[in-house]
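Protein chains in written order, with this note's numbering: chain V, 1 to 328; chain H, 1 to 210. Below you'll find the structure, written out as structure tokens, and then a few comments.
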Amino acid sequence: MAIGLGLGSSCPWAEAPARLARAPLRALRVRRAGPSGHGKRRIGLALIGVILASSCSHPNRIVVGAKNFTESDLLAEIAAQQIERRTGLTVERKLHLGGTFVCHSAITAGQIDLYVEYTGTAYTAVLKHGAGPAADSVRQAVAREYRQRWNLIWLEPFGFNNTFAIAVRQADAERLGLHTIGDLARVAPRWHAGFGYEFLNRADGFPGLAAAYGLHFASPPTAMDLGLTYRALADGKIDVIAGNSTDGQLAALHLVALVDDRHYFPPYEAAPVVRHAVLEQHPEVGRALLELRGKIDDDEMRRLNAMADIEHKDLHAIAHEWLARAVP
Amino acid sequence: MNLVRFYLDNTREVVGLVGQHLLLVLVSTAIAVAIGVPVGILLTRRPAWRGPVLGLANVFQTIPSLAMFGFLIPLPFLGGIGARTAIVALVVYALLPIVRNTYVGISGIDPAVREAARGMGMTDGELLRIVELPLSAGVILAGIRVATVVGVGTATIAAAIGAGGLGVYIFRGVAVVDNTLILAGAVPAALLALGADGLLGMLERRFVWR
């Protein structure tokens, strides 16, 4: 019940049930005097209040979310530690939440205060726009629409572009002289592809790519879990996948990414997305995150991802060491 | 309702996926029965193996499906991507209830009954066929029933390895967060599970001699 009573003004929708939460003792006394439907209803409402209140963000606690892959977790951990050491606020981590849409639903519902999103993903998958314009305008368009529609603020990007990596085995690429996705179209009719469900169903995913490059594989691409596609490619069960360009596994498994010579994919610059209310209440959070601007390029991100995925180092330690070195 | 419209628009695909799903469950459960029941019987003859074998089946049960697929992909005959790998994983998950119920069912028979059968001069095979299996059929079938119902739910993970089934809608729906798509996979899977439970329950009542 204490949670229900200790509410700040940031949770107006939990206020009414919270007020009822002050009634439980009275309600219990009523119950002791004799069973009363009214008392039971009060307890029920009080419980709802507690549940709502406990799921609501606390005014002096920043909740950081992340999608369900290493890079997102790692960037969230870096952001969390940066906020902790610069502002002294308590940071709660809700990492590995699920895909883009889980994080987006969570932040628009106020369940998390910030997470790291990619401009191209926001542009096509969240805002549902078609083929993207040039790099800078994607970021501007996304920032403007996020502000208008959900009162969410895009801070400055980290500095790398995690695009879809249409990847093949290095041996195949060397043997057949494959450098670009255009080259792939040549051998595609004899090859099999395996893609994650998100790539197969996104606006900036496979159907558009196939149309842009005239890709026709020997069979329709196998729909499978994204993580399993890397292994299946390395083991020769499929010939082409769509991974992430900053993934540490590509190099470790001797896979190479083909160049998007027709610029089908929009830029996917990673940047923190924060609730406007949080920045207003705690401008120091925005200032702390601004220090991270442009600090991680493609190679640096790949290196950090490899530390987590291949060397299996602890995310907390990786983030701590990186911050100490790069943002002293 | 969205779901109804979705089914009307995609009837052929839905029917195909339900068919794949049923096939995955039927084949994997049949293989699990073919392996699990004999293993369960064996355990009643070699009690010393009971601990390690049931322990192993327990451990299998706890392996997360994606990790299991990861292990299976490089294997020469069982692995790869597609239905075969999915069936191997589903068999592994179905083994525990079948092996355990077979063992428990047979070893739970009153020793006096077994003694009487021996006294009548029955051989090992006759004892098993005429006395032990009929008397424990209820418990064994209950194990198969659990394995099947759980299997209908578990078979949705086949979509992670390109084996199709109703999990395709669930994975697709989760990837693009479309609740209608998630329900399009989850609702028929739940109905299939209920149907399988009812059907096997009927079989149990019909064939089990009490």
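Quick reminder that beta carbons are idealized off the backbone N, C-alpha and C, glycines included. Model, not experiment: these values are computed from the prediction.
- It is roughly 25 Å from the alpha-carbon of residue 138 (chain H) to the alpha-carbon of residue 155 (chain H).
- Within chain V, no C-beta atom comes less than 7 Å from the C-beta of residue 106 (chain H); the nearest is roughly 39 Å away.
- Within chain V, no C-beta atom comes nearer than 7 Å to that of residue 146 (chain H); the closest sits roughly 27 Å away.
- Note that the region 133-152 of chain H does not touch the region 189-206 of chain V; fewer than 3 beta-carbon pairs, one per stretch, sit closer than 8 Å.
- When DSSP states are grouped into helix, strand and coil, residue 269 (chain V) belongs to the strand group.
- Under the criterion of beta carbons closer than 8 Å, residue 265 (chain V) and residue 229 (chain V) do not qualify as touching, at roughly 17 Å.
- In the structure shown, the three-state DSSP call for residue 163 (chain V) is coil.
- Measuring C-alpha to C-alpha distances from residue 157 (chain V) to each of V:301, V:322, V:318 and V:306 identifies V:301 as the nearest.
- Ranking V:289, V:184, V:176 and V:308 by CA distance to the CA of residue 218 (chain V) puts V:184 first.
- Within the region 35-113 of chain H, the complete alpha helix (DSSP H) runs of at least 4 residues fall at 50-62, 65-72 and 83-107.
- Listed along the chain, the chain H residues whose CB falls inside 9 Å of the CB of residue 228 (chain V) are 66, 69, 70, 73, 81, 160, 161 and 162.
- When C-alpha distances from residue 169 (chain V) are compared across V:292, V:150, V:155 and V:179, the shortest belongs to V:179.
- With distances taken between CA atoms, residue 117 (chain V) lies nearest to V:155 out of V:191, V:155 and V:284.
- The beta-carbon of residue 307 (chain V) is placed no less than 8 Å from the nearest beta-carbon of chain H.
- In terms of Cα proximity to residue 226 (chain V), the closest of V:75, V:173, V:167 and V:181 is V:167.
- Between the C-alpha atoms of residue 66 (chain V) and residue 103 (chain H) there is a straight-line separation of about 46 Å.
- Your pair residue 87 (chain H) and residue 79 (chain H) does not check out as a contact, with CB atoms roughly 11 Å apart and the cut at 8 Å.
- Residue 17 (chain H) places its beta carbon less than 8 Å from that of residue 166 (chain H).
- When DSSP reads this structure, residue 92 (chain V) sits in a beta bridge with V:63.
- Taking CB atoms only, residue 175 (chain H) has a neighbour in chain V less than 8 Å away.
- Residue state for residue 193 (chain V) is assigned as strand, using DSSP reduced to three classes.
- Listed in chain order, the non-local C-beta contacts of residue 153 (chain H) below 7 Å within the same chain comprise 189 and 193, local neighbours out to five positions each way being set aside.
- Neighbours of residue 174 (chain V) in chain H, taken as residues at a C-beta separation under 9 Å, are lacking, since the least C-beta distance is about 23 Å.
- Spanning the alpha carbons of residue 107 (chain H) and residue 36 (chain H) requires a straight line of approximately 15 Å.
- Not flagged as an interface residue toward chain H: residue 73 (chain V), since no C-beta distance is shorter than 8 Å.
- For chain H, the residues of the region 180-204 of chain V that bring a beta carbon within less than 8 Å of one of its beta carbons are 194, 196, 197, 198, 200, 201 and 202, in chain order.
- Annotation for residue 117 (chain V): no alpha helix (DSSP H) segment contains it, though the beta strand (DSSP E) segment containing it runs 114-118.
- Taking all protein chains in view, the Cβ of residue 307 (chain V) is crowded by 16 or more other Cβ atoms within 10 Å, so the residue is classified as buried.
- When CB distances to chain H are screened at a threshold of 8 Å, the residues of the region 229-243 of chain V falling below it are 231, 232, 235, 237 and 238, in chain order.
- Between residue 62 (chain H) and residue 147 (chain H) a beta carbon distance of about 16 Å is seen, past the 8 Å cut, so the two are scored as non-contacting.
- When secondary structure is reduced to three states using DSSP, residue 244 (chain V) falls in the strand class.
- Taking 8 Å as the cut-off, the Cβ atoms of residue 77 (chain V) and residue 282 (chain V) do not count as close.
- Counting C-beta pairs with one atom in each stretch, the region 256-273 of chain V and the region 138-156 of chain V have three or more that are closer than 8 Å, which means they touch.
- For residue 257 (chain V), the enclosing beta strand (DSSP E) covers residues 255-257.
- At a cut-off of 8 Å between beta-carbon atoms, residue 222 (chain V) makes contact with chain H.
- Counting along the chain, the unbroken beta strand (DSSP E) around residue 152 (chain V) starts and ends at 152-154.
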